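2 protein chains.
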Amino acid sequence: MNDKFTVTQLCREFGVTPRALRFYEAKGLLHPAREGTRRRFGQRDKARLSLILRGKRFGFSLAEIGELLDLYHTDNTQVSQLTRTLEVAGRRLDDMRRQRDELAIAIEELQEQMDVVADLLTKKKTD
Amino acid sequence: MNDKFTVTQLCREFGVTPRALRFYEAKGLLHPAREGTRRRFGQRDKARLSLILRGKRFGFSLAEIGELLDLYHTDNTQVSQLTRTLEVAGRRLDDMRRQRDELAIAIEELQEQMDVVADLLTKKKTD
DNA sequence: GGTTACGTTGACGTTAACGTCAACATAAAT
DNA sequence: ATTTATGTTGACGTTAACGTCAACGTAACC
């Protein structure tokens, strides 16, 4: 079985705690199957989990991430729902582009400021 | 007086609440002067505030932002403190660069996935 | 058949970043 | 002198995203 994973396997692979996985499931972001009482995660859940974690790194809330995730399992989704999701995704995409541009500026500025301070430091040392 | 601002002026200009400003001050991120009992914010505080808000948009915590802010008022700072701050800033800069790269990838992926879904939508509509 | 190993569900605790509300101070305007 | 606007300090409430037990189930191994 290459595509069935247990809780601890996912935890190791993604560096999260079981509690977090349960939390994501409770929020409807993951839908692991059940073997008896235990969770079995499939490839879909793995893909979703990495999207979740990536979204978090960008500062998105789990609620926002949840809206986006629907974009990736459009199987039996209604047209109306898809349209709505596309709108949300479009806005999120704009956010990300703005964030990217702003980030580029901030990186440059921080680099410059670091240079200034580094200079100041060498001078202070030669006192 | 061109460089003295009241609470509400800053709030309007930056779109934050008075509570937030007080919170930042309590955390040591802002150091407004006092006229009697009231706060007077100067240019330095404005600069700091925009750095704070920018940091927040990148997902940094106020604690992390606080460490970085020292880089911008290095006036009477000790050499040891400056060195330490430079280290912190260096790490943060690496974080930002990683985030920038990852963000670029995520933007592309999201764009592609949106195209896929948009296609799927037009086909669904012609059913 | 006992003990690990791994899993489960509550239930409550925690931290960050404020929001909200009460009670009071002060300064300007009427 | 009293509204009105603007400010202040506590103190407590709130939300998101988990952490941390406790108590229990079950499957496998010795």
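So the protein lines, in turn, are chains A and B.
The first sequence begins at 1 in this note's numbering and counts up one residue at a time.
The second sequence begins at 128 in this note's numbering and counts up one residue at a time.
The beta-carbon is built from N, C-alpha and C at its ideal position, and this holds for glycine as well.
All of these numbers come straight from a predicted model, not from anything done at the bench.
{"query": "Extent of the continuous alpha helix (DSSP H) run through A:Leu-95", "result": "For the record, residue 95 of chain A in the displayed sequence is Asp; it is not Leu. That run of the alpha helix (DSSP H) goes 79-125."}
{"query": "Separation of A:Gln-111 from B:Pro-145, as counted between CA atoms", "result": "32 Å"}
{"query": "Burial state of A:Ala-106 (16 or more Cβ within 10 Å)", "result": "buried"}
{"query": "Neighbour list for A:Arg-97 in chain B, Cβ cutoff strictly below 7 Å", "result": "Ile-234"}
{"query": "Cβ contact (3+ pairs, closer than 8 Å) linking the region 75-89 of chain A and the region 161-177 of chain B", "result": "no"}
{"query": "C-beta neighbour in chain B for A:Met-1, strict 9 Å", "result": "Residue placement at A:Met-1 cannot be trusted, given a pLDDT of 47 that sits under 50; the coordinates are not used to answer."}
{"query": "Distance CB(B:Leu-178)-CB(B:Ile-192) smaller than 9 Å", "result": "yes"}
{"query": "Sub-9 Å separation of B:Leu-220 and A:Met-96 beta-carbons", "result": "no"}
{"query": "C-beta contact flag for A:Asp-69 and A:Leu-29 at 9 Å", "result": "This sequence places Leu at residue 69 of chain A; Asp is not what is there. Yes, the pair counts as a contact, with Cβ atoms nearer than the cut-off."}
{"query": "Beta-bridge pairing of A:Arg-48 - partner residues as DSSP gives them", "result": "A:Arg-48 pairs with nothing; no bridge assigned."}
{"query": "Through-space distance from A:Ala-33 to A:Lys-56, alpha-carbon basis", "result": "24 Å"}
{"query": "Cβ of B:Glu-229 within 9 Å of any chain A Cβ", "result": "yes"}
{"query": "Contact with chain A by B:Thr-210, beta-carbon distance below 9 Å", "result": "yes"}
{"query": "Reduced DSSP secondary structure (H/G/I, E/B, other) of A:Phe-14", "result": "helix"}
{"query": "Any alpha helix (DSSP H) of 4 or more consecutive residues that is wholly inside the region 150-202 of chain B", "result": "170-184 and 189-196"}
{"query": "Separation of A:Asp-3 from A:Ala-31, as counted between CA atoms", "result": "Correcting the residue identity first, residue 31 of chain A is His in this sequence and not Ala. About 15 Å."}
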